[in-house]
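Below is one structure, written out as structure tokens, with a few remarks after it.
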Amino acid sequence: MMIFQRTWTNTGIHPGHIILLDGQMEEESALIRIRKEKLKEIREDLGINPYPYTYDVCDYSAEIIAGFDETRVPERTVSIAGRIMTIREMGKASFCTIQDRDGRIQLYVALNTIGEESYRLFKKLDIGDIIGVKGPVKKTRTGEITVFITSLTLLAKNIRPLPVVKEKDGEVFDAFADKELRYRNRHVDLIVTPGVKETFLKRIAIIRNFKKILDAKNFNEVETPVLQPVYGGAAASPFTSWHNALDMTLYLRISLEPYLKRLIVGGFDRVYEIGKCFRNEGIDRTHNPEFTMLELYQAYADFNDMMAITEELIEQTALAVNGSTAISYEGKEIELKTPWKRLRVTDALKEYTGLDVMVMSDDELRAELEKRDAHLKGDFVRGLAIDELFKVLVEDRLIQPVFITHHPVETTPLCKPDYDDERFLQRFELFINGTEIANAYSESNDPVFQRKTLYEQSLRRAVDEEAPPMDENFVQAIETGMPPTGGLGIGIDRVVMLLTGETSIRDVLLFPTMRPQD
RNA sequence: GAGACGCUAGCUCAGUCGGUAGAGCAACUGCCUUUUAAGCAGUGGGUCCCGAGUUCAAUUCUCGGGCGUCUCACCA
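So in our numbering, the last spot in the first sequence is 532, and the numbers never skip.
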């Protein structure tokens, strides 16, 4: 949309301009002007309110078509509302297609059936208008199930024309293709682009199914603060805000973890939250500044239990929304059937690169990093070097689901070390299609250890600005006594991408973050 | 953060080796009572993203800016 700033010699509003909310004016296109004139004619000449209050919707397109019975006499009469998507006018009779909640259905509008008054109204209608109609359902000569309307009610007049997308035999013509326009005008995209609404319905179904599974396991869904005086639970740059009355800085959360663990301490044995997290970092195909995480915590459980839950959530949800565990993504065939392979970080490195980091010296690790042009933030730390080598050399080769386990202890302060080798953690990350989908720990609950590691992590802020600051209240919660706990985080957007076949996170977010246009 | 590409009518796109632009759909007028990318005849519609420079002349060339898309690097 182009915005023009003009000054007018008189103070009157030029009739050819629309005032925008910010006081600027948009030059009005002829298309909008003509539709506003029709609006006036509908009100004044026909005496019809183009924006009435309700309509008695009794039927929906998909159900009418699915339930059609050709032998039924007399025909079934329906009452349906929707948006006009096509109009084919033939003098004293017309066909049009409306789109409702579930899909599209054709209407037949004949002068001698609906009468002169209604036909005059019909002739003033445009693609994009919302109407309510009643009438019997019949098949046309060419076999299309059609409502032969006997009653027409205008429910909302459109004055901003929609892109006209046509379809024949599954082929789409004049698609609303400009991705920028689609993201900025998602309401239009949802109306005119085939498949978009279905993608978001699938997203809704995925989240609903996750909740169903967790609720059945007696997890309690909770809500924790988005605005936090101290952020933590991940290594990331936060968004910063300011509370006027409290005269203090508040951060938008970067993870759900710190408050969910307080609830475990408080006696909720099983909690989860599905909510937005915010990270002030770059935007690309797989990253949006705000994104949705599932985090769950289960008392008296460890990372093995989290693996079982992860497998169940993903496999069952794939079956629920796709009817299959096999998915095709970017031309790759991925099989989500459980159980999934489990591989230690160090074994994965050995398997995919031949490097046996268990026997390599620090200097050898350093040399390997340099060879890949990979760099650590701050001083050399052996565990971080191993983790970095894994990220650079192995991650994107993990196409089939695999639990990568036992990361070096230096990668996070929030996880318990493993029983028999304290250099490694009881942690896993789930990789599918080269992307981290989930991350889980046997959560650290040793308060002395926790205070020490979080303090050490806060010191890393000197070399790594993404290291979170010390969270005293969180440590005190752990000092109160947290039961042994398994914790799991799943990137919802990435799961949705995987299960819908979308390759850009923006195509699974209704309203991706966009820069303002001017 | 780096590179490539794009921005022309409401939408999808042509085009101008520098002389202010076209098509299809949409719109408007007329015809048409079973069409379906309906059809036929006609009409209108554009600060060619913004700014500067070069030039008699810039939508086109050069530079700068804006916004976006894609790829690469980093964080989930």
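Backbone N, C-alpha and C fix where the C-beta goes; we use that ideal spot for every residue, glycine too. Just so you know, these numbers come straight off a predicted model, no measurement behind them.
Straight-line spacing of the CA atoms in E347 and Q414 works out to 9 Å. Unbroken alpha helix (DSSP H) runs of no fewer than 4 residues, entirely contained in the segment 362-429, are found at 376-385 and 396-407, following chain order.
Less than 8 Å divides the Cβ of V151 from the Cβ of I159. Each residue's CA atom was taken as its position, placing Y67 and L228 some 40 Å apart. Distances from the alpha-carbon of V285 to those of E304, F317 and E309 put E309 closest. Judged by their CB atoms, G515 and S342 are nearer to each other than the 8 Å cut-off. Ranked by Cα distance from T352, the options N258, V416 and F438 are led by V416. Taking a C-beta distance under 8 Å as the contact criterion, P252 and I268 qualify as a contact pair.
In the three-state scheme derived from DSSP, where H, G and I count as helix and E and B as strand, I79 is classed as helix. Residue pairing for T449: DSSP places it in a beta bridge opposite I446.
Listed in chain order, the non-local C-beta contacts of G368 below 7 Å within the same chain number zero, local neighbours out to five positions each way being set aside. According to the DSSP secondary-structure assignment, T167 is paired through a beta bridge with G146.
Within the model, the alpha-carbon separation for Q490 versus L241 is close to 20 Å. Taking C-beta atoms under 8 Å as the contact rule, T238 and L274 qualify, at a distance of about 6 Å. With a 10 Å radius around the Cβ and a threshold of 16 neighbouring Cβ atoms, V87 comes out exposed.
In the three-state DSSP reduction, Y69 falls in the coil class, being neither helix nor strand. Looking at M528, P427, L524 and H420, the one whose alpha-carbon comes closest to that of H201 is L524.
Here the C-alpha atom of N172 lies approximately 20 Å from the C-alpha atom of K211. By the C-beta criterion, the segment 506-521 is judged not to be in contact with the segment 474-493, since fewer than 3 inter-stretch pairs fall below 8 Å.
Pairing R57 with R47, the inter-Cα distance amounts to about 15 Å. Taking the C-beta atoms as reference points, G500 is found nearer than 8 Å to A454.
Excluding the 5 residues flanking it on each side, A315 has same chain C-beta neighbours closer than 6 Å at G500, in chain order. In terms of Cα proximity to T467, the closest of A362, F488 and G448 is F488. Between the segment 190-201 and the segment 78-98, the count of C-beta pairs closer than 8 Å stays below three; the two stretches do not touch.
Put simply, of K138, L168 and K137 the residue whose alpha carbon is nearest the alpha carbon of I144 is L168.
Relative to L350, the option among R356, T360, S338 and L357 whose CA is nearest is S338. When DSSP reads this structure, N234 sits in a beta bridge with V285. Pairing L439 with H420 gives a Cβ-Cβ distance under 8 Å. By the CB criterion at 8 Å, I492 and N459 fall inside the cutoff. Across the structure, Y245 and G289 are spaced so that their CA atoms are roughly 15 Å apart. Taking a contact as a CB-CB distance under 8 Å, the pair K216 and V335 counts as one, their CB atoms being some 5 Å apart. The distance from the Cβ of A170 to that of V179 is about 20 Å, inconsistent with a contact at the 8 Å cut-off. Cα atoms of T263 and R118: separation of roughly 50 Å, rounded to the nearest angstrom. Counting only the Cα atoms, R437 lies some 6 Å from P422. Per DSSP, the unbroken beta strand (DSSP E) holding Q113 starts and ends at A107 to Q113. For V161, the enclosing beta strand (DSSP E) covers residues I159 to F162.
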